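What follows is a short report on a single structure.
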Amino acid sequence: KILRTGDDSQILEDIEELLIGADVGVETAQEIVKAIEKHGKLDEAGIRQAIEDEVVSILESTQGEPLSLRAKPHVIMVVGVNGTGKTTTIAKLANNFVSQGYEVLLGACDTFRAAAIDQLEIWAKRVGADMVRHKPGADAASVAYDALSAAVARDIDVVILDTAGRLQTKKNLMEELAKITRVSSKVVEGAPHDVLLVLDATTGQNALSQARAFSEACRVNGIVVAKLDGTAKGGIVVAIARRFKIPIVYIGTGEALEDLAPFDARVFAQGLLR
Amino acid sequence: ELTHKLEGVLKRLRGQGKISEQNIADALKEVRLALLEADVNYKVVKQFTEAVKTKALGREVLTSITPGQQFVKIVFDELRNLMGEGASEISFASVPPTVILLAGLQGSGKTTVAAKLARRFKQKGKKGILIAGDVYRPAAIEQLKTLAKAVPVEIYYEKENRGVVEIVERGLEIARKRVLDCAIIDTAGRLHIDDSMMDEIREIKQRVNPNETILVADGMTGQDAVSVASKFSDSLGIDGVILTKMDGDERGGAALSIKAVSGAPIRYIGVGEKLDALEVFHPDRMASRILG
Ligand SMILES: Nc1nc2c(ncn2[C@@H]2O[C@H](COP(=O)(O)OP(=O)(O)OP(=O)(O)O)[C@@H](O)[C@H]2O)c(=O)[nH]1
Ligand SMILES: Nc1nc2c(ncn2[C@@H]2O[C@H](COP(=O)(O)OP(=O)(O)OP(=O)(O)O)[C@@H](O)[C@H]2O)c(=O)[nH]1
Ligand SMILES: [Mg+2]
Ligand SMILES: [Mg+2]
Chain A
9 KILRTGDDSQ ILEDIEELLI GADVGVETAQ EIVKAIEKHG KLDEAGIRQA
59 IEDEVVSILE STQGEPLSLR AKPHVIMVVG VNGTGKTTTI AKLANNFVSQ
109 GYEVLLGACD TFRAAAIDQL EIWAKRVGAD MVRHKPGADA ASVAYDALSA
159 AVARDIDVVI LDTAGRLQTK KNLMEELAKI TRVSSKVVEG APHDVLLVLD
209 ATTGQNALSQ ARAFSEACRV NGIVVAKLDG TAKGGIVVAI ARRFKIPIVY
259 IGTGEALEDL APFDARVFAQ GLLR
Chain B
5 ELTHKLEGVL KRLRGQGKIS EQNIADALKE VRLALLEADV NYKVVKQFTE
55 AVKTKALGRE VLTSITPGQQ FVKIVFDELR NLMGEGASEI SFASVPPTVI
105 LLAGLQGSGK TTVAAKLARR FKQKGKKGIL IAGDVYRPAA IEQLKTLAKA
155 VPVEIYYEKE NRGVVEIVER GLEIARKRVL DCAIIDTAGR LHIDDSMMDE
205 IREIKQRVNP NETILVADGM TGQDAVSVAS KFSDSLGIDG VILTKMDGDE
255 RGGAALSIKA VSGAPIRYIG VGEKLDALEV FHPDRMASRI LG
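The listed protein sequences derive, respectively, from chains A and B.
The first sequence begins at 9 in our numbering and counts up one residue at a time.
The second sequence begins at 5 in our numbering and counts up one residue at a time.
In structure tokens, the structure reads:
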């Protein structure tokens, strides 16, 4: 995208619009532009670089290092609103661990959505992971309980719990997530060791509300941005990083098992400004 | 919320005599902010505020005794203009079956919408069939079968075939033979920038000639709504839109963006995961929701 040439303020205004168009949000976009004003006079290339650096610094300011195996079994719980890519992301993560030689077990805790268990089962078979399931309609926390118990008994390295999509405004469903984490910690100390929130890159400002509510319900310590292979830039994660300091760990770049990449702040920031 | 903010901005200036263009500019800033926070695309916001500005600079607001109220009325009227007149449900063809083709991005809610539409039409006494046009996603057919059973409504699928166009044609053949009222085609989620997948759905449309091609879009879509809607509109052609997952706290500005770039009416909104959670879209209710 070529910015209009002109004086500084026009360039900054154009960049602010570019950031807004990338779903960074008005408030965060204005904060970013304000932050680089202290650099003094810069040409357009200098301005762009300063903006990119500012975005990188916001993204790198988030703490933590999820996804190293810190326990046995190491338990990862995947959460998020409906249709963001949780189940597919789990398949990709499982595939990574299996190809590194780990024993992986998937917990089919989405006992609600039509064919959710069948979907996960197909992925488990393709990837070479174990799976624990109950009947559709069963209590999600009891599936988690059985999955973790089975993992302990079978000497599993990694357990990944798939959960049903849920809108963050549904109090009872958010409480269910809290219950799953409570039950998990009873079977394996410290479980779930990682709680990953999967966001859809096409989501706008609502992702802030999602980050807040899911964090409150179950200590989210990592974000996955899925569907970045589309045209959406996923800029909302900059606003999330600024406000909630949750690290972004992976990005989803397609529907196949290999379409998962570790998050790179610099590459992401450059993508925002393109 | 916005109405209060606008009335505040313009009320504060009442003691100063006539409302100036600068005052209008300040009020427009509030409108812009509200729309952007609601996820309306920034280009659509620009067009919208320009249109409001032109009207607001007219004599009505500048010399009104209650300029705040006048301004708010202009904003709402302009929004209602953009969003469309009244409710606009899918209308049935005079010669059955009415063929409805669903399209959209991954995870937007198409499969769920397919079953919701089938249920809605069934309640109106229509005989329908669901056609499982997603042959890629693991357990997609199983998902549609489960939902079809829950309505209950007929479903046509082929487990082993990967030729989507043939599957859809065979499903429609059944719908025609049995003189069913409607056939609803579920398709795989696809990116608007995936040429081969866009070719696929274009081919389905050409062969099958649906009465209604519907873009199923996620209600919490942000700025990207413009790229998606314009590409589907230009490449495929859309007759209507269904906005899903509107039962959360998203403001739903994507509705405005999609309507602005595609011109297609929003027919329904999804307001939950259950099959009865489909409502007719009301433009004025949406306008209030977006403006906050
Ligand atoms: N293009 C693209 N599609 C993706 C990506 N991740 C997931 N998908 C697709 O998005 C759709 C939804 O994925 P799921 O894994 O079922 O999403 P989910 O969050 O588990 O959905 P629910 O369980 O219904 O809430 C599927 O069609 C996936 O193939 C991605 O990174 N890129
Ligand atoms: N809360 C809520 N959830 C919805 C609504 N519509 C669909 N969903 C959920 O959104 C998720 C995705 O729905 P699907 O019907 O599988 O979406 P899809 O477009 O067919 O997905 P792909 O086939 O992978 O592209 C599921 O968890 C649905 O239950 C809605 O209106 N409200
Ligand atoms: Mg899932
Ligand atoms: Mg589907």
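Note that beta-carbon positions come from the ideal geometry of N, C-alpha and C, so glycine has one too.
Computed from a prediction, not measured in an experiment: that's the story for all the values here.
Across the structure, A/Ala-219 and A/Thr-261 are spaced so that their CA atoms are roughly 21 Å apart. Taking C-beta atoms as the reference points, A/Leu-280 and A/Gly-243 count as a pair closer than 8 Å. Taking C-beta atoms under 8 Å as the contact rule, B/Tyr-161 and B/Ala-192 fail to qualify, at a distance of about 13 Å.
Residues of chain A with a Cβ closer than 9 Å to the Cβ of B/Leu-260 do not exist; the shortest Cβ-Cβ separation is about 12 Å. Contact check for A/Met-182 and A/Arg-174: beta-carbon distance about 7 Å, within the 8 Å limit, so the pair qualifies. The alpha-carbon of B/Val-49 is positioned some 28 Å away from that of A/Asn-90. One Cα belongs to A/Ala-158, the other to A/Val-140, and the distance between them is close to 8 Å. Taking a Cβ-Cβ cut-off of 7 Å, A/Glu-184 has no neighbours in chain B, whose nearest Cβ is about 14 Å from it.
Restricting attention to A/Ile-59, A/Ser-76, A/Asp-61 and A/Ala-132, the CA atom closest to the CA of A/Thr-95 is found in A/Ala-132. In chain B, no part has a C-beta under 9 Å from the C-beta of A/Asp-147; the shortest such distance is about 18 Å. When C-alpha distances from B/Asp-253 are compared across A/Ser-65, A/Gln-176 and A/Leu-265, the shortest belongs to A/Gln-176.
Taking a contact as a CB-CB distance under 8 Å, the pair B/Leu-260 and B/Ile-294 counts as one, their CB atoms being some 6 Å apart.
For the region 87 to 115 of chain A, the beta-carbon criterion of a distance under 8 Å to any beta-carbon of chain B is satisfied by Val-89, Asn-90, Gly-91, Thr-92 and Gly-93. B/Tyr-140 counts as exposed, since fewer than 16 other C-beta atoms from the protein chains shown sit within 10 angstroms of its C-beta. With respect to chain A, the C-beta atom of B/Gln-51 has no partner C-beta closer than 8 Å. Within the region 209 to 241 of chain B, the residues whose Cβ lies closer than 7 Å to some Cβ of chain A are Asp-222, Met-224, Thr-225, Gly-226, Gln-227, Asp-228 and Ser-231, listed in chain order. A residue is called buried once 16 or more other Cβ atoms fall within 10 Å of its Cβ, and B/Gln-147 is buried on that count. By the Cβ test, the region 221 to 231 of chain A is not in contact with the region 45 to 59 of chain A, since fewer than three Cβ pairs between them sit closer than 8 Å. Within the model, the alpha-carbon separation for A/Pro-81 versus A/Val-196 is close to 8 Å. At a cut-off of 8 Å between C-beta atoms, B/Pro-156 does not count as an interface residue with respect to chain A. Straight-line measurement puts the Cα of B/Ala-31 at about 45 Å from the Cα of A/Arg-121. The beta carbon of A/Tyr-110 lies closer than 6 Å to those of Asp-165 and Val-166 in the same chain, with the five residues before and after it left out. CA-CA distance, B/Glu-207 to A/Glu-21, rounds to 43 Å. A/Leu-50 sits in coil when the DSSP states are folded into three classes, being neither helix nor strand. With contacts defined by Cβ atoms closer than 8 Å, B/Val-232 and B/Leu-39 do not form a contacting pair.
B/Gly-267 counts as exposed, since fewer than 16 other C-beta atoms from the protein chains shown sit within 10 angstroms of its C-beta. No Cβ-Cβ contact shorter than 8 Å links A/Ala-186 with A/Val-206. Around B/Thr-115, the same chain offers Asp-138, Ala-144, Gln-147, Leu-148, Leu-151 and Asp-190 as residues with beta carbons nearer than 8 Å, after the five sequence neighbours per side are excluded.
Cα atoms of B/Thr-7 and A/Val-34: separation of roughly 20 Å, rounded to the nearest angstrom.
Taking non-hydrogen atoms of ligand 3 into account, the C-beta of A/Ala-186 is found less than 7 Å away from none of them. B/Lys-33 and A/Val-245 have their C-alpha atoms roughly 25 Å apart. For a Cβ distance threshold of 8 Å, residue set Gly-91, Gly-93, Lys-235 and Glu-263 of chain A lies close to B/Gln-110, ordered along the chain. Beta-carbon to beta-carbon, B/Phe-52 and B/Glu-82 are separated by about 7 Å, close enough to satisfy the 8 Å threshold. At a cut-off of 8 Å, the C-beta of A/Gly-238 has a neighbouring C-beta in chain B.
Boundaries cannot be given for A/Glu-263, as no beta strand (DSSP E) includes it and DSSP labels it neither H nor E. Proximity to ligand 3 was defined by a C-beta distance below 5 Å to any of its heavy atoms, and the residues meeting it, in sequence along the chain, are A/Lys-94 and A/Thr-95.
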